[in-house]
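Participant: Numbering-wise (our numbering), the sequence shown opens with residue -3 and increments by one.
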Amino acid sequence: MTIIVGFVTDFNNALMISVLLGGILGSIIVSKTHHRSMVIYAGLAVAFINALSIFSFGLINNIETKSFIYDVSYGIVGGIFTSVLTIGLLPFFESVFDIITPMKLLELSNPNQPLLRRLLIEAPGTYYHSILVGNLSEAAAEEVGANALLCRVGSYYHDIGKLKRPYFFKENQLTQENLHDKISPSLSASIIISHVKDGIETGKKYKLPSKVIDIIGQHHGNTLVAYFYHKAIASQSEDSVEEDKFRYPSLKPQSKEAAIVMLADSAEAYIRSLSEPTKDGVEKGVRKILFEKINDNQLSECSLTLRDIESIVEAFVKVLAGIFHERIEYPENLKED
-3 MTIIVGFVTD FNNALMISVL LGGILGSIIV SKTHHRSMVI YAGLAVAFIN
47 ALSIFSFGLI NNIETKSFIY DVSYGIVGGI FTSVLTIGLL PFFESVFDII
97 TPMKLLELSN PNQPLLRRLL IEAPGTYYHS ILVGNLSEAA AEEVGANALL
147 CRVGSYYHDI GKLKRPYFFK ENQLTQENLH DKISPSLSAS IIISHVKDGI
197 ETGKKYKLPS KVIDIIGQHH GNTLVAYFYH KAIASQSEDS VEEDKFRYPS
247 LKPQSKEAAI VMLADSAEAY IRSLSEPTKD GVEKGVRKIL FEKINDNQLS
297 ECSLTLRDIE SIVEAFVKVL AGIFHERIEY PENLKED
């Protein structure tokens, strides 16, 4: 913008430096903002730096008072107008150019979003699982320098494909009856695997950003649906069971965020399956799950390092220890005993 202003104004030093300083300051302020109000503050800061730079050059060049007041006024109004224009155009740029901003992610994390409301009502077990996965993935992302807000939002939506057949997933089964007991292991695996494809279709229908849809599509990679695979082997023979039919036909995680959501999803599900989780048990379980993913080559296409994996383990254990902490017995229970 500074270069364009230079050509338009015959390289007016005062205007070029004013635009350069205002642009740098505005960019720094809004680069990490999580609230639209910060855009207004950025506009006020730009207005101040415009006025200051124009005032300084006015003193240096001995500009007459009337022009001096006009120029300073334009600088102030320009800074404020920039923030208003930004807030007005931001939704347009987000949708047309598929730009994902912190403000957009915060809007998607609102529990009143139609898709999250559907998940809460139609698949409550999946909803609460997704909230816990969001807590885990956000904590891990902060440790390894990934986009923590994207991880949280991606976690909220990663299982939306389960909305199509919610009661085929254990967390949504309110009774002891398991629908998978009535069908073959291969059909069960097909239903489980299809929730990724269904999730991508649902995400596109609700116009979720592409980065969130990528997390939905990659959060299982091409892992094996082990439970139904071994169940099929037990009911038939290993030679007659094709392993590929029991694997997710998806891309492996392509980004740190998708990989973190994958690990958080698996770790939370495993720890929840423990009858009496202790701190040592939680840590061993998390390490077991994460290194199974490494051994299965699921993290080969993202940029996570072994140091990152260790940081993720520590973050997961810290969050899970707070969720599954030991509880004391109340006096009434002790009296009854």
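All C-beta atoms in this analysis are idealised placements derived from N, C-alpha and C, irrespective of residue type, glycine included.
(1) Just to confirm the assignment, what range does the alpha helix (DSSP H) spanning G199 have?
(2) By the three-class DSSP mapping on this structure, what secondary structure does L86 have?
(3) Using the C-alpha atoms, what's the distance from V149 back to L104?
(4) Which residues bound the alpha helix (DSSP H) around T171?
(5) For C147, tell me which candidate among N8, I212, R114 and T198 has the shortest Cα-Cα distance.
(6) Determine which residues share a DSSP beta bridge with R32 and list them.
(7) For the candidate residues L115, L17, N168 and S180, whose alpha-carbon lies nearest to that of V237?
(8) Would the beta-carbon of E253 fall within 9 Å of that of A137?
(9) Which residues in the same chain have their Cβ closer than 6 Å to the Cβ of V221, if we skip the five residues on either side of it in sequence?
(10) Could you tell me the distance, in whole angstroms, from the CA atom of G39 to the CA atom of S246?
(11) CA-CA distance, Y124 and P87?
(12) Considering only the beta carbon of each residue, do A255 and V282 sit closer than 9 Å?
(13) Using beta-carbon positions only, say whether S126 and Y163 come within less than 9 Å of one another.
(14) Is it buried or exposed for D261, if we count other Cβ within 10 angstroms and need 16 for buried?
(15) Tell me whether the beta-carbon of L337 lies closer than 9 Å to the beta-carbon of L159.
(16) Do three or more CB pairs link the stretch 48 to 68 to the stretch 91 to 99 at distances below 8 Å?
(17) Identify the continuous alpha helix (DSSP H) that holds R161 and give its terminal residues.
(18) Taking buried to mean at least 16 other C-beta atoms within 10 Å of its own C-beta, is Q172 buried or exposed?
Facilitator: Short version:
(1) P181 to K201
(2) helix
(3) 7 Å
(4) Run containing T171: none; DSSP gives neither H nor E here.
(5) I212
(6) DSSP lists no partner for R32.
(7) S180
(8) yes
(9) A185, I188 and F242
(10) 44 Å
(11) 29 Å
(12) no
(13) no
(14) buried
(15) Only positions -3 to 333 of the chain appear in this structure, which leaves residue 337 out of reach.
(16) no
(17) Element bounds for R161: n/a, residue is neither H nor E.
(18) exposed
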